[in-house]
Amino acid sequence: MRILSGDLSKMFIVKGLEKILADKEVKRSHLAQLRKACETALEDIQEELKHEENEKSSNSTSAALPLPRNYSANVINAEKHYLPFELACQCSVPRVVVIALDCLQKLIAYGHLSGTSLDPHNPQRRLIDRVVATICACFTGTPTEESVQLQIIKALLTVVTSQHVEIHEGTLLLAVRTCYNIYLASKNLINQTTAKATLTQMLNVIFMRMENQAIEEEAAFPNQENNLEQAEVGETKLEAIEIVSSIVDDIVATAVNDASAEKEVEGDTQSEGGQSNGGAPPSIISVCSSSLPRVPSQDSVDTIGGTSSSGGDLEPIGTSNSFSHVLQKDAYLVFRSLCRLAMKPLPDGIPDPKSHELRSKLLSLQLLLSVVQNAGPVFREHPVFLSVVRQCLCVALSRDGASSVTEVAELSLALFLALLNNFKAQLKKQIEVFFREIFLNILENPGSTFDHHWLVMQALTRICADAQSVVDLYVNYDCDLSAANIFERLVNVLSKIAQGRHVVDLRTTPIQEKALRIKGLECLVTILKCMVEWSRELYVNPNAQSNIDAEKIKENHTDENESQNYVNGTMTTPKQFEAIKQQKEIWEQGIVLFNRKSRRGLQYLQSQKLLGEEAVDVARFLVTEERLDKTVVGDFLGEPDKFNKEVMYAYVDLLDFNEKDFVSALRHFLEGFRLPGEAQKIDRLMEKFAARYCECNSSLRLFASADAPYVLAYSIIMLTTDLHSPQVKNKMTKEQFIKNNRGINDSKDLPEEYLSQIYDEIAGNEIKMKAHASNALGNKVSKSAGTANEKKRRLLWNMEMEALSSTARQLMESVSHVHSPFTSATHSEHVRPMFKVAWTPFLASFSVGLQDCDDLEVSTLCLDGIRCAIRIACIFHMALERDAFIQALARFTLLTANSPITEIKTKNIDTIKTLITVAHTDGNYLGHSWLDILKCISQLELAQLIGTGVRPQFITGTPTTPTGANLAGISSSGNNLHLSDLPSVSINSLEPSVKESIGETISQSVVVAVDRIFTGSTRLDGNAIVDFVRALCQISLEELAHSTQPRMFSLQKIVEISYYNMGRIRLQWSRIWEVLGDHFNKVGTSSNENIAFFAVDSLRQLAMKFIEKGELANFRFQKDFLRPFEHIMKRNRSPTIRDMVVRCVTQMVHSQSDNIKSGWKNIFCVFLLAASDNDEAIVELAFQTINKIVTELYVTNMAAMIDSFQDCVKCLSEFACNPLFPDTNMEAIRLIRLCGRHVADQPALFRDGGAQLADDMVNSQLTSAVTNLGLIPEEERLWVRGWFPILFELSCIIGRCKLDVRTRALTVLFEMAKQYGSTFRSHWWKDLFKVIFRIFNQSKLPDQLSEKSDWLTTTCNHALYAMVDVITQYFDLIGSLLIDDFIAQLLWCVTQENEQLARSGVNCLENLVISNGPKLGDASWLRICGCVDDIFHLTLPDALLTWSPHSAPAETDSGVKDTQRLFNGLLVQCQVQLELIHTIDNIVFFPSTTRKEDADLLASAKSISASQRDLDLDQGMFQFMSTEHLLLMVDCLAKSHNFARQFNTNSTQRNVLWKAGFRGPVRPNLLKQETQSLACAMRILFRLYHDEGRQNEWGKVADKLTHLGKDALEYYVTLETESHRDAWSPLMLLFLWKINQLTDEKFKTHVSWWHQLLCELVSFELKPELRSLLRKIFLKVGQVFRVIAAAP
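According to the working numbering, the sequence shown is numbered sequentially starting from 24.
Below, the structure written as C-alpha cells:
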C-alpha cells in the first residue's frame, strides 16, 4: 500500500484508521487487538512520513482520496498496515466493517492495493486472495446488516472489474458466490437488485476478458507500454478509476430505483409464500460452516451451490489441461457452477415464489441467459464449454423447460433460444430433444396451461422469424434418417392451434384461445415469410425488369441448382437431402405398416430395398428402431413360425449381457418389447434369454445350466406382476418367492441372499418396458383434461409436467456425449421439399381462419400466409400447390357464381385485393392459375356495376358497351343474392355493411390495381404471358357463352392486352397470337352478330396497328396475324359479318398496301371466300379490291406481293367460277390474262428469292419431279410461281364453269400458251399438258348426267383441236416430248361413246400427222401407227356379231336404256371405224386425193378414149412413211374389212339387230366400212408396188396384193344381192383399173392368180364401166401372154 508523504492530517488512510479508533465499540476489550493494530499502524505511518517532509507533491489531492500508485515518486510501502482493516472486517460492529470495506474498495479501485505479493501468513496464496476472503467473510448470512451487504457487493464488484487486481479460480468463485448468496439472503430489495446487477456485471467482465485475451493473442500486437509517457499512463489510470467508480455508483442507483418500483408494485406481497426469509439457503449454510477459502486446485474447486443434483461428476475429462489461459478457466468454473445451480430440482408441489430454491433457480437461469446471449467465439467454440453446455446446461433446460413454474419455463425457453442462436451446430441432438419432448409435447398436451402454451408460442415465434433456423430444422431433422420430423410436426401442431382444433385447458378464456390462434397463425405466416426470404434469389419480379431479362435470370438460377452445402467437409446437394427425405418417408411408412401388421411392414421395407430379407437384418431393425410398437414387436418375436424364431434368436444374440447381473440383463432384455400374453410365446423368449445370458456370462458359476436362469426369469416376471399389479390384493412375500425358486439350479437352491436381493430390487423398482416419451403421457393427459376440479387438475398437470421433465432430462442426458454433424443450409432449393411437406397444414389453417373468423387481424394474417405460400409454390413451379392456394383465395373473394353477394364483408374485399396483388407480383409463375384469378376479376366487374348503381337496362353487351354483363337468369331465393342476380339487385336495397363492402370494390385502389394487371402484362415473361392470355380467352368464352345476353368484359381486355404486348419480340408475340388468334376465330364465328362484329372490328384495329410495324422478307408474322379474318370468313355465314370482314380487308389494302408482306396470302384467301358468296355487295366489293391489286398494285409493288401471286390467281379463278355474276366471271378471266402479262413483263421478280411450293400444286402432283422438292431451283421459279398457277387455275375454270365461261377460259389458256410458249422450257410444256389433260377428266362424270354429252361435244372437242394447234406451232420444241401423251389422250377420246368427240379425236390425229408428218421420226410414226391399230382394235364393234335378245337386259325401263346405250356405243364404234379409214386414206394420200382419183377412174371407164388426169400423189405422207408402217396400215384396214364382211354376210344376225331396233327401219350393214377399208388398202399396196424407191419391199407387197386381190374377187363373185354388188362397184372399178395399170411383167405375175376369177366376172351383169375395164384387162392378157398381137 502506497501513500503520499503530504499532509498526514488529511490523508485518507489516517482518517480511516482514526474513524475506526473513534468508534466507541472499538474501545471495548474484546476489540483490543483491533485497537492496538490501528494505533500501531498510525505510529508507523507517522515515522515514515517524517522522512518525506521535503518531498511534498505540488498537485495534491483530497486527503480522503489517495492518488494512484506511481503517481508520485515519493511513496511509502504500507502493505503491513493491512492488518487493521482485516481485523475491522472480522469484528461484529457493522459501522466499523462498513468503514473498513469502504477503505479497501477505494484502495483497490484507485490501484493502491493490487495484492500481487504473497500472503505472509500463507505463502501458497497471494495477498489479494486474502483480501477477497476477508471481504466475503463479512457476509454471515441473513443477519448481516444491509449496509454491510451493500458495501460487500461494491467491494467485490471493484475487485472483479478493476484493472489493477487479478483474481482467478477459487477466489473468483468465492466473490461470485458471495454476491449470489447476498441476493438470496438479503431482505432489502435494493441489495437484491444491486447483487443481481453486480453478478451480471461480473459475468460480463469475466467472459469479456476471456474473449479479449483471445483476440489479443490472435492479433499478436507488440507490447508498447514501455513507449508510453508517464503522463499518458497517469491519465489512463485516472480514466480506469473513474470507470470503476461510475460502474459501482450506477449499479447502486439502478438498484435503488428498481427496488422502489418493485415496492410500489408488490406492496405487501413480500410476506406471502411458504418458507420464511429468515432461514438461510443451503448455499449460505455451506459458506458459513467453512473456513476461509484457500487457492484450490482444479479438483477441489466446488460449485457455488454444492454438488450436482444428478449425483454424477459432470466435469469434462481433461479440463485442467484444456485451457490456454487462466481467464478461460475462470469463465469455465463460473459457467459450470451456474449450470449446476440451474440443475438443482425444485421441491415437490407448488413452490413458494419467495423460496430460496425458486429464486436461486431463476437467478442462475437469468445469469446463464446473460452469458449465452453475449457468447463470444471462444465460448461458442471451445470444446470444454461445449461439453458443459451439453452435459449441464442442456440437461438443466430439459428439466426446467417443462417446469410448472411459469417464470422458470420462460427463462428456460429464452435460454434455449439463445443456445439455438449461438450453438445449434454443436447441439443437434439436444435441440431435437428439446423440440420433441418440450415444445411439441406442451403444445400437443391438452392439459397444458395457457401460460405454458403462450410461452412456447412466443418462443416459436422467435424461432420461426429466423429463416436460417427454419431451414436448418428441416435439413437437419426432417432429412435425417435417425431424427424426428421436427419441421413437419411443428407445422402440423401450429396448424391445429391456428385452426382452433387443439384441446385447451378448461381455464382458458375465449380471448386467450383467440390469442393462441392468432399466435399460431403468426408462426405459420412467419415460417412462410422465412421460406420466401430464403428463396428470394430465385424470385423474378415481373415489375422489376423486362420479360427477356426475367428469362435470363431464370436460366442463371437454374445453374445455381448445382451448388452444394458442406457438412463437416462433405459436399451435400439439395437433391441428396431430398433423396434422404424420401427414404425416410419410406421408412416411416414401413414402420406404420409394421405397427399395424408386422409382416406387411417388413414386406414393404424389403420391397423398397431398405431392409434385408435375412433374419439378422430384421432382428437388427427391431433392436435399433425405437418407433416400433413394442407390443407388436413382442408378438412378432413370440410367433412359432420358423422365420419368427430365427429373428427372435438373432434379436437376443444382438443383446450384450456381459458382466451384467441377472435382473439388469432381464431389464435390458424386456425394455425393447412388451411380453406377449400367451404362455408359449413367453416360454420361447425366456428360454432364448436364459441361453444367451449363460453364453455371455460363462465365467459366472452361479447357474449350473440354462434351466436355472430360464426358471428364475419366469419367476421374476411373475413376481413383478404380483407386486405391482393393482388387481392382486395378496402380494407375494419374500419367503414365498424364495420358496418358489428352490431346487431350480440343477436340483439345488440358489443363495437366499441372492434371491432376497432380487426380491428387494423388484419390489422397489418395477421392471418396465422402455416407453417413448410421447406414450408416457397419454393417460395422464386425458385425465387432466377431463378433470373438472381445479385443485385436482392443477395437481395432475404438475405431475404431467414433472413426468415430461423427467423424460426430457433422461433423453438429454443420454445424448449429452453425442455430437452429430450439423448442416448449415445455404441453398434456396431446400424450400421446395419443405413446402411440399407442409403446404396442406398451411392451406387448412388459412382456409379455416378466413372461413370462420371475421377478425381483421386474423384475416390479414391468413391472407399474408396465402400470399407467401403462393409465392413459394410459384418460385418452385409447384403447380398443384399453387392452384390449391389460389383457388382457396378465389373462393374467399365470394366472387364465384355460387357465392351469396349479401355475405360479402371486409375480409372478402381484402381477399380480392390480395388476389390482385398476387397477380401483379407473381404473374410470371401463375401458369394456368391465371384462370381462377381472371375469373374473379371478371366477376368483380359485376360487383363494381352494383356499386356504381347502374340500372339493368343500361348494362348490355353491345360493341359500344363491351363491359355488358349477363343480366338474365335471376333467382330470388330468400336473401341469398348472387352475382348472377345483378338485374334484381339495387345498391340501395342492400344492408349498409354490404353496401359499404360492395362500394369498396369501386374504390380507386381496386380499379387501379385491376388495371395494373392488364397494363403490367407487358412485363410478364414469354411463358407467363401465354398462360395469361390463354386464361383470359377462356374466361372470355365463358362470358360470351351465356344464352341470353353475353358479356364482353374479357374480350375487351383481350384487345387491350393485345395493344400493350404488340411491342414484344416476334417469337413471343407469335406464341401469344397463336392463342389470341384461335380465340378471335371462335368469337368471330359467334351466332351473336354483336359479338362477332365487335371481334372483327377489334381484329381490324389490331391488324392495322400490327401491319404498320411492317415485316421483313421471308417472315410470316402477318400471315399468322391475319388468319382469323380468313377463319371468320369461312365459318361465319352471316352476311353482315362477312361484309364487315371484306370491308376490313379492303381498308387494309387501301391504307396499308405498302406495309403488307406475308399478309397478302390471307387477304387473297378472304377474297377467295368472298368470291363464292351469293351476296352481290360482298362479291362486288371484293372484286373491286382485287381488280385494284392486279391493275395498280401489281404494277408498282409486284416485288412485295410476289409470294402471294398464286393466291391472287386462285382468287380470280374463284370469281370466274361464281355462276351468279356472269360479268364478273369474264372480268376475272381478263384479270387472269393480265396476270399473265405481268409474269411475261417481270420474269426476274419471279426468279428471285427461294419461294416455297404452293400447297395446292404439291397436292395436285402436277409439277415435274424437280419441283416436288421443298425449295424451288431458281430456273424453275418463273414457271412454278408465275405461269403454272395461271394456267392451272384456267384449267380449273374450264372444269367448273358453264359453257360460255369455260369456253372463254379455254380460249385464253391456249392463246397464252401460243403467245408466251416460246419462253417455256420443254418440261414446262409437260406440266402444261398435264393441266390441259385435266379438262378431259371432267368427262368421267356419271353417264346419267346430261352435261357430260355437252362437255364432250364442246369443251373437249375444242381443247383437242387447240392442242393440235399448239403442238403444231411448237412441234420442234415439244413434239418428241408430248407426242406420246397426246396420242394417248386421243386414244381415250376415240374410245368414248360420244360420236362427235370420237370423230374429233380421229380428225385431230389426222390433222396432227398431216401438219407435222415431215417432222416425225420413225419412232413417232411407229407410235402413230400403233395408235391407229389400237383405235381399230378398241372400236371394233364385236358385239354386233354376238348380241342376242336373250343376252339383253329385261324389258324394263332401265333394261331398255341399257340396250339403247349399247346400240349407241356400237354405232359410235362403227362411225369411228369408217372415220379412221378415211383418216388413213387422207394421211397417206392427202385429203380429197382419193375422191378425185375415183372420179377420174369412173370417167375414164365410161369413156374408152378418155385418159386419167395426172394427180399430185406426193401431197400425202406416203413418202414419209416406211413400208413397214404402210403395211401395218394395210393390215389394220384388212381387219376392219374382214369384220365388216363377216357382219354383212351374217343375215341372221343382221335381222336380229334390225328387229331389236338397231339403226332404225333398215337392216344394218357395214358396206361402206367393208368396201372403203379394202379400197384404201389396195391403194396403199398398188402405190407401194409402183414406188421405185421401195423395190426391196416389192416382194412382200406383191404377196399381200396377190392374196388381197384374190380374196376380194372370190368374195365378189359370191355376192348374191344386187345392192351388195353395187356397193362393191367402185372398189372393183379401182381394182381393175390398178391391175390394168401394172407393167407387163407385174401384170403377168399377178393375172395368173386372178385370171380365173376375172373370167367369172363375165357371167355377172356388170356395169358398163366395169365391163369396159374388164375388156381392157383381157386384151392385155392376150398381149402379155402373146395370145394376140400387140396393138399397133
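For each residue, glycine too, the CB sits at the ideal point set by N, CA and C.
Cα separation between residue i and residue j?
i	j	result
F408	F402	6 Å
F1712	I509	Outside the shown range of the chain, which is 24 to 1711, sits residue 1712, and nothing can be said about it.
K791	K620	24 Å
H1456	L1632	26 Å
L616	I705	24 Å
K1515	T1640	28 Å
I520	G543	6 Å
P1242	N1248	8 Å
T1326	M1335	14 Å
V1495	R1344	36 Å
I1179	F1206	19 Å
Y203	K552	43 Å
L698	L677	18 Å
D730	A713	7 Å
K38	I205	29 Å
M835	F458	11 Å
Output yes or no for whether 8 Å exceeds the beta carbon distance between residue i and residue j.
i	j	result
I889	L912	yes
Y674	V655	no
I935	L965	no
D495	A848	yes
L660	F685	no
M1127	M1171	yes
N1185	L1145	yes
L1638	V1620	no
T429	L478	yes
S961	I1048	no
What residues in its chain sit with their C-beta under 6 Å from that of residue i, if we drop five residues either side in the sequence?
i	result
G1305	V1262 and F1269
K1591	L1497
L1431	V1387
F1311	V1354
S435	L420, D423 and G424
S870	A911
L1125	S1081
Got a sec? Which residues, its chain only, sit under 7 Å from residue i by beta carbon, not counting five neighbours each side?
i	result
F908	L866, I889, A892, I893 and A896
F915	L873, N931 and T934
I1390	I1397, G1398, L1401, F1405 and L1431
C487	V493, C546, T549, I550 and C553
Tell me, to the nearest whole angstrom, how far the beta carbon of residue i is from that of residue j; I am working on the premise that it is less than 8 Å.
i	j	result
V1232	P1308	5 Å
L40	P107	6 Å
V839	C362	Residue identity differs from the one stated: residue 839 is Ser in this sequence, not Val. No, S839 and C362 are not in contact; Cβ-Cβ is about 12 Å, not under 8 Å.
Assess contact between the stretch 1145 to 1152 and the stretch 1097 to 1107, defined as three or more Cβ pairs (one per stretch) separated by less than 8 Å. Is contact present? Result yes; three or more Cβ-Cβ pairs closer than 8 Å.
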